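Numbering (the working numbering), first residue to last: 5 to 379.
And the structure:
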């Protein structure tokens with residue numbers, strides 16, 4: 005194909021995709037100085053103006069002429085705001101890549117651009133499937149892919165390569181007949197406050213308190229799956245995994261913090277939101293820092309979470325119909341939290357709760373329906 009003559013202009017009335025021009029060079033250079041751009045992409049670091057010149061005047065035109073890649077400049081609000089490209093395409097399957105200028109983030113620019121290009125891949129190029137990939141942890145890119153209907157996210161260990169370093173990556177795809185809309189939920193962590201506590205998202209500064217809580221003798225006894233000893237790196241990994249729970253729609257975790265000091269007091273979560281059989285249920289789990297015990301902190305936190313879980317999705321809640329909670333037999337403190345919040349004891353699973361010494365305890369089951377009276 006000829007460049008720029010054969011580059012089609014694609015637009016949805018808000019964003020316009022067009023051929024790159026030399027006027028874009030300075031904008032490309034500025035965009036590639038962004039630390040997030042350098043962290044999550046394979047661009048050269050440091051990135052100088054000659055790199056931008058080469059990209060706009062050599063790499064992009066060559067892709068169109070040779071038929072190996074097709075890159076568009078994204079124009080939004082009358083300004084260059086990023087690049088989106090398709091590449092490969094052998095056998096009807098190709099890949100998409102994209103980057104957006106810092107000033108344009110959060111406005112839905114990339115979601116619009118990706119939808120335009122994916123539809124072009126199907127309708128004009130005749131592709132059957134488009135692949136998205138990103139280094140694990142790049143939740144901004146993953147959210148765009150989710151909004152555009154990409155599905156089946158998997159992790160490929162060492163699947164990505166950036167500046168001679170192998171990195172784990174996510175991969176997801178979308179097919180010709182798939183809807184270009186989100187599949188499932190991507191939950192947020194709203195702040196909930198009451199009774200002197202605030203439920204909020206976890207923060208990096210919480211890691212030392214998480215480590216202390218999860219090394220506590222009582223916590224280690226009842227949560228036998230925790231690493232022992234529990235390291236700071238375990239706390240950091242735990243917080244990263246909570247981000248994935250939100251993105252996959254699997255659960256919503258809250259840090260329980262003192263409303264005045266913001267000191268971490270514990271954790272409460274609603275999870276199993278993608279239950280294979282019942283998509284209207286959720287399970288509540290929790291742990292508490294030892295210096296927060298005996299102050300009704302967890303009972304209050306679970307009460308706040310229950311209200312949010314039963315609130316309709318349209319009103320910002322989780323839209324749950326039923327909640328369950330489990331406590332090992334003998335864990336009277338955990339069972340008390342369920343009871344004071346109106347849960348009903350419904351089951352005893354025999355020898356279902358493992359202990360660290362290899363023995364097993366009975367597991368008590370509680371449930372609460374949205375229609376049940378609250379204490």
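Beta carbons: idealized from backbone N, C-alpha and C, even for Gly. All values reported here derive from a predicted model rather than from experimental measurement.
Our contact map puts residue i next to residue j with C-beta atoms below 8 Å; I'd like the distance itself, whole angstroms only.
i           : j           : result
residue 297 : residue 374 : Contact flag wrong, Cβ pair sits at about 29 Å.
residue 90  : residue 125 : 5 Å
residue 118 : residue 129 : Actually they do not touch by this definition, with Cβ atoms about 15 Å apart.
residue 69  : residue 5   : 6 Å
residue 100 : residue 64  : No, residue 100 and residue 64 are not in contact; Cβ-Cβ is about 15 Å, not under 8 Å.
residue 215 : residue 187 : Going by Cβ atoms, the distance from residue 215 to residue 187 rounds to 36 Å, so no, they are not a contact pair.
residue 266 : residue 328 : Between residue 328 and residue 266 the Cβ distance is about 30 Å, and since that is not below 8 Å, they are no contact.
residue 322 : residue 277 : 7 Å
residue 31  : residue 51  : Contact doesn't hold; Cβ gap of about 13 Å is too wide.
residue 251 : residue 315 : No, residue 251 and residue 315 are not in contact; Cβ-Cβ is about 21 Å, not under 8 Å.
Taking the continuous beta strand (DSSP E) assigned at residue i, which residues delimit it?
i           : result
residue 285 : 285-292
residue 65  : Where residue 65 is concerned, there is no enclosing beta strand (DSSP E), although the alpha helix (DSSP H) it sits in stretches over 64-70.
residue 26  : No beta strand (DSSP E) holds residue 26; DSSP gives it neither H nor E.
residue 139 : 133-139
residue 40  : Here residue 40 belongs to no beta strand (DSSP E); instead the alpha helix (DSSP H) covers 39-44.
residue 369 : 364-373
residue 203 : 201-204
Since residue i is in the alpha helix (DSSP H), which residue starts that stretch and which ends it?
i           : result
residue 2   : Outside the shown range of the chain (5 to 379) lies residue 2, about which nothing can therefore be said.
residue 244 : 236-252
residue 322 : Run containing residue 322: none; DSSP gives neither H nor E here.
residue 348 : Note, residue 348: premise wrong, no alpha helix (DSSP H); beta strand (DSSP E) at 348-358.
residue 227 : Per DSSP, residue 227 belongs to no alpha helix (DSSP H) and is neither H nor E.
residue 120 : 113-127
residue 184 : Note, residue 184: premise wrong, no alpha helix (DSSP H); not H, not E.
residue 307 : 301-314
residue 147 : 143-151
residue 215 : 211-219
residue 296 : It is not in any alpha helix (DSSP H) - residue 296 carries neither H nor E in the DSSP assignment.
residue 344 : 336-344
For the candidate residues the options, whose alpha-carbon lies nearest to that of residue i?
i           : options            : result
residue 14  : 32, 64, 36, 80     : 80
residue 85  : 34, 12, 67, 304    : 34
residue 245 : 233, 263, 225, 205 : 205
residue 293 : 92, 212, 43, 30    : 212
residue 377 : 307, 367, 363      : 307
residue 388 : 182, 181, 163      : Outside the displayed range of the chain (5 to 379) lies residue 388, so it cannot be described from this structure.
residue 291 : 73, 277, 278, 273  : 273
residue 253 : 368, 320, 190      : 190
residue 442 : 71, 105, 111       : Outside the shown range of the chain (5 to 379) lies residue 442, about which nothing can therefore be said.
residue 313 : 334, 337, 283      : 283
residue 166 : 46, 178, 280, 335  : 46
residue 153 : 159, 181, 161      : 181
residue 139 : 227, 42, 226       : 42
residue 179 : 305, 108, 98       : 98
residue 199 : 232, 352, 262, 185 : 262
Cutting at 7 Å between CB atoms, please list the residues of its own chain near residue i, excluding the five before and the five after it.
i           : result
residue 16  : 116, 120
residue 169 : none
residue 354 : 366
residue 228 : 358, 359, 360
residue 183 : 153
DSSP has residue i in a bridge; who is on the other side?
i           : result
residue 80  : 19, 83
residue 435 : A query on residue 435 cannot be resolved here, the shown segment of the chain reaching from 5 to 379 and no further.
residue 257 : 273
residue 159 : 174
residue 197 : 202
residue 52  : Paired residues: none, contrary to the question.
When you measure from the CB of residue i to every non-hydrogen atom of the ligand ATP, does any distance come out below 8 Å?
i           : result
residue 173 : As far as ligands go, the structure on display features none, and thus does not contain the ligand ATP.
Within its chain, find whatever has a CB closer than 8 Å to the CB of residue i; leave out the 5 residues flanking it on each side and keep chain order.
i         : result
residue 2 : The displayed coordinates of the chain run from 5 to 379. Any statement about residue 2 would go beyond what the structure contains.
Sorted by chain position, which residues of the same chain lie with C-beta nearer than 6 Å to residue i's C-beta, five sequence neighbours on each side aside?
i          : result
residue 20 : 79
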